[in-house]
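Engineer: Residue numbers 68 to 527, in this note's numbering, belong to the letters of the sequence shown in order.
The beta carbon of each residue, even a glycine, is placed where N, CA and C say it ideally should be.
Got a structure for you, written out below as structure tokens; questions coming shortly.
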Amino acid sequence: MLFNSYEFLLVFLPLTFIVYFYLNSKKLITLSKIFLVLASLTFYSWWNVIYLPLILGSMIFNFYVGQFLGKNRTKQMLTFGIIGNVALLGYFKYTDFFIENFNWALNKDVELLHLALPLAISYFTFQQIAFLVDSYRGETKEYNFLNYALFITFFPQLLMGPIMHHKEIIPQFQTKWKSFIKWENVALGLFIFAIGLSKKTLIGDPLTDYAQYAFDNAQKLSMVEAWYASVSYVLSYYFDLSGYADMAIGIGKMFNINIPKNFNSPYKARNFADYWKRWHITLSRFLGDYIYKSLGGNKSLVWVMYLNIMITFFVSGFWHGAGWNFVVWGLLNGIFVVMAHMMKKANLEMNFYVAWFLMFFGLILTRILFVSNDFADAWYVTTTLFDISNLRFENLFYIDPYLQSFYIVLALYLALACKNSMEISENFKPNFKYIFYTVILLAASMFTFSSAKEFLYFQF
Numbered sequence: 068m069l070f071n072s073y074e075f076l077l078v079f080l081p082l083t084f085i086v087y088f089y090l091n092s093k094k095l096i097t098l099s100k101i102f103l104v105l106a107s108l109t110f111y112s113w114w115n116v117i118y119l120p121l122i123l124g125s126m127i128f129n130f131y132v133g134q135f136l137g138k139n140r141t142k143q144m145l146t147f148g149i150i151g152n153v154a155l156l157g158y159f160k161y162t163d164f165f166i167e168n169f170n171w172a173l174n175k176d177v178e179l180l181h182l183a184l185p186l187a188i189s190y191f192t193f194q195q196i197a198f199l200v201d202s203y204r205g206e207t208k209e210y211n212f213l214n215y216a217l218f219i220t221f222f223p224q225l226l227m228g229p230i231m232h233h234k235e236i237i238p239q240f241q242t243k244w245k246s247f248i249k250w251e252n253v254a255l256g257l258f259i260f261a262i263g264l265s266k267k268t269l270i271g272d273p274l275t276d277y278a279q280y281a282f283d284n285a286q287k288l289s290m291v292e293a294w295y296a297s298v299s300y301v302l303s304y305y306f307d308l309s310g311y312a313d314m315a316i317g318i319g320k321m322f323n324i325n326i327p328k329n330f331n332s333p334y335k336a337r338n339f340a341d342y343w344k345r346w347h348i349t350l351s352r353f354l355g356d357y358i359y360k361s362l363g364g365n366k367s368l369v370w371v372m373y374l375n376i377m378i379t380f381f382v383s384g385f386w387h388g389a390g391w392n393f394v395v396w397g398l399l400n401g402i403f404v405v406m407a408h409m410m411k412k413a414n415l416e417m418n419f420y421v422a423w424f425l426m427f428f429g430l431i432l433t434r435i436l437f438v439s440n441d442f443a444d445a446w447y448v449t450t451t452l453f454d455i456s457n458l459r460f461e462n463l464f465y466i467d468p469y470l471q472s473f474y475i476v477l478a479l480y481l482a483l484a485c486k487n488s489m490e491i492s493e494n495f496k497p498n499f500k501y502i503f504y505t506v507i508l509l510a511a512s513m514f515t516f517s518s519a520k521e522f523l524y525f526q527f
């Protein structure tokens, strides 16, 4: 079930909202939480019910391991819990990757398993590893299983984040006033949801349409087409993923739950270190708190700190996908972040526009790796960006240059010159003007539902 679908917007969301708050109004708080967990699991199972036992088993396993760690802080149990989570993720996500490399290295022909990746497994695995580590550190409280289940399954953030921390969400479900309708929050939540939905459907999807088609035919692109496709993908990923985050935050607000922001105008950054503080913030937070700091963070020698950064981005790349292109993507991001730290340490400053251009060009190069089918396509597109002999403005088979230029310019303007959705929502008032904006954005977005597209990060 997609956020950008009639069944979600007109059936699932209002029905879940009404039943949840009706039960709360009757002071059936526990029953309302049970209902919300069941509704969230229904939402999760909409794609494939076969993976319902997997998420249930994962929750039960991690809850009781976490309970044990809270009382008996043993490294052996923590190691057992982390290995259990990584093994589950690794089996579904990386088995074929390792078999392929095994076959290549030893000239074998072991058959691939072709396992389908369970939806959201990368996200709820990270959430639960964080819970186990915090339990070991003595930073968790005596949560009951129902509140823990809500923490993992709460449907707005279940599939693509933001990656929530138990300290952020479980106490909110334990706060009584949050159990009752607050109409100001409903209005604000709908407004934020409408912004996110329009970012996805009205800007992100048109950019993705062309970019995906172009990269599927990467070896046929001209220089102009390669530039259009690469820039389109850089922009489409932002509007698609940040649009989802806005929708999740908006739905959470309707249920009186504050979900942390996940984007803070990342394309306004001037270097990669700043970019990663603004992009997929909750993922960066997890990697920083549980990988980078565990390695020693910035408390070691400078070269060790740089090595810690590289290891962290290696993990980030491998988390995103089971392929060497994702590993190289992660390492390239790590190199660019290290370079930003080195320049800061040396007190080297660039002209604002030069710094921004280099940062954005770096995003283009790394995103090509991220979205290409293989290294051959990535290399072809990258070299074609600079291939003057392949420059032509006629017979462009893969783009409508005028329409695509419109979307690119519009996306750049919104990403660089305008306030982001969280900044806009700070000025929200439940008056006619904002209600009008909400209705217009929702109505315009719903016209696209007949050709609704999945979110780009569903594959992770």
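1) Return the chain-ordered list of same chain residues with a C-beta closer than 7 Å to the C-beta of F499, the five sequence neighbours on each side being excluded.
2) What do you get for F212, buried or exposed, if any count of 16 or more other CB atoms within 10 angstroms of its CB means buried?
3) With DSSP as the reference, label Q241 as helix, strand or coil.
4) Reducing DSSP to helix, strand and coil, say where I210 ends up.
5) Per the contact definition of three or more C-beta pairs closer than 8 Å, is the stretch 223-239 in contact with the stretch 306-320?
6) Pull up the CB-CB distance for Y280 and Y295, whole angstroms please, since I reckon it's below 8 Å.
7) Please state the DSSP three-state secondary structure of T141.
8) Check A187 in the structure and name its three-state DSSP category.
9) Between N338 and Y359, is the Cβ-Cβ spacing less than 8 Å?
10) Buried or exposed for I409, going by 16 or more other Cβ atoms inside 10 Å?
11) Once DSSP output is grouped into helix, strand and coil, what is the label at E461?
12) Determine the burial state of S246: buried for a count of at least 16 other Cβ atoms within 10 Å of its Cβ, exposed for fewer.
13) Pull up the distance between the alpha-carbon of I326 and that of S309, whole angstroms please.
14) I'd like the span of the alpha helix (DSSP H) that includes D313, first residue to last.
15) Ignore the nearest five residues each way along the sequence and tell me which others in T207's own chain have a CB closer than 6 Å to its CB.
16) Using a Cβ-Cβ cut-off of 7 Å (strictly less than) and excluding sequence neighbours within five positions of L288, which residues of its own chain qualify?
17) Under the three-state reduction of DSSP, which class applies to E490: helix, strand or coil?
18) Give the C-beta separation of N487 and S303 to the nearest angstrom, bearing in mind that I take them to be a contact with Cβ-Cβ under 8 Å.
19) Compare the Cα-Cα distances from M406 to each of Y373, S72, V394 and S125 and report the closest residue.
20) Taking buried to mean at least 16 other C-beta atoms within 10 Å of its own C-beta, is W386 buried or exposed?
21) Using only the alpha-carbon positions, how far apart do L82 and A106 sit?
Structural biologist: The relevant details are as follows:
1) Taking the first residue of the sequence shown as 1, we reach residue 499 at position 432. Nothing listed; no residue qualifies.
2) Working through the sequence shown from its first residue, we reach residue 212 at position 145. Exposed, by the Cβ-count rule.
3) As a position in the sequence shown, residue 241 is number 174, starting the count at 1. In the structure shown, Q241 falls within a coil segment according to DSSP collapsed to helix, strand and coil.
4) Here residue 210 refers to the residue found at position 143 of the sequence shown. Reading off the sequence, residue 210 comes out as Tyr, not Ile. In the structure shown, Y210 sits in coil (DSSP, three-state: anything other than H, G, I, E or B).
5) yes
6) For the purposes of this step, residue 280 is taken as residue 213 along the sequence shown, with counting starting at 1. For the purposes of this step, residue 295 is taken as residue 228 along the sequence shown, with counting starting at 1. Rounded, the Cβ-Cβ distance is 11 Å, inconsistent with contact.
7) Against the sequence shown, residue 141 aligns to sequence position 74. Three-state DSSP puts T141 in coil, outside helix and strand.
8) As a position in the sequence shown, residue 187 is number 120, starting the count at 1. Looking at A187 - three-state DSSP - the assignment turns out to be coil, as it is neither helix nor strand.
9) By one-based count along the sequence shown, residue 338 stands at place 271. By one-based count along the sequence shown, residue 359 stands at place 292. Taking 8 Å as the Cβ cut-off, N338 and Y359 do not qualify as a contacting pair.
10) The residue given as residue 409 occupies position 342 in the sequence shown. The identity of residue 409 in the sequence shown is Met, whereas the question assumes Ile. Exposed is the call here.
11) Taking the sequence shown and counting its residues from 1, the one referred to as residue 461 is at position 394. When secondary structure is reduced to three states using DSSP, E461 falls in the coil class, being assigned neither helix nor strand.
12) Locating residue 246 in the sequence shown gives position 179, counting from the first residue. That one is buried.
13) Here residue 326 refers to the residue found at position 259 of the sequence shown. Here residue 309 refers to the residue found at position 242 of the sequence shown. So the alpha carbons of these two residues sit roughly 13 Å apart.
14) In the sequence shown, counting from the first residue as 1, residue 313 sits at position 246. Membership of D313 in the alpha helix (DSSP H) is indicated by the continuous run M290 to M321.
15) Here the question's residue 207 lines up with position 140 in the sequence shown. Only G137 and D201 meet the Cβ criterion.
16) By 1-based counting over the sequence shown, the position of residue 288 is 221. Around L288: A281, A296, V448, T451 and Y465.
17) Locating residue 490 in the sequence shown gives position 423, counting from the first residue. Three-state result, E490: helix.
18) Working through the sequence shown from its first residue, we reach residue 487 at position 420. Working through the sequence shown from its first residue, we reach residue 303 at position 236. Actually they are not in contact, since the Cβ atoms of N487 and S303 sit about 17 Å apart, beyond 8 Å.
19) Working through the sequence shown from its first residue, we reach residue 406 at position 339. In this structure, Y373 is the residue among Y373, S72, V394 and S125 with its C-alpha nearest to the C-alpha of M406.
20) Here residue 386 refers to the residue found at position 319 when the sequence shown is read from its first residue. Classification for W386: buried.
21) The residue labelled residue 82 in the question sits at position 15 within the sequence shown. The residue labelled residue 106 in the question sits at position 39 within the sequence shown. Here the alpha carbons of A106 and L82 stand approximately 10 Å from one another.
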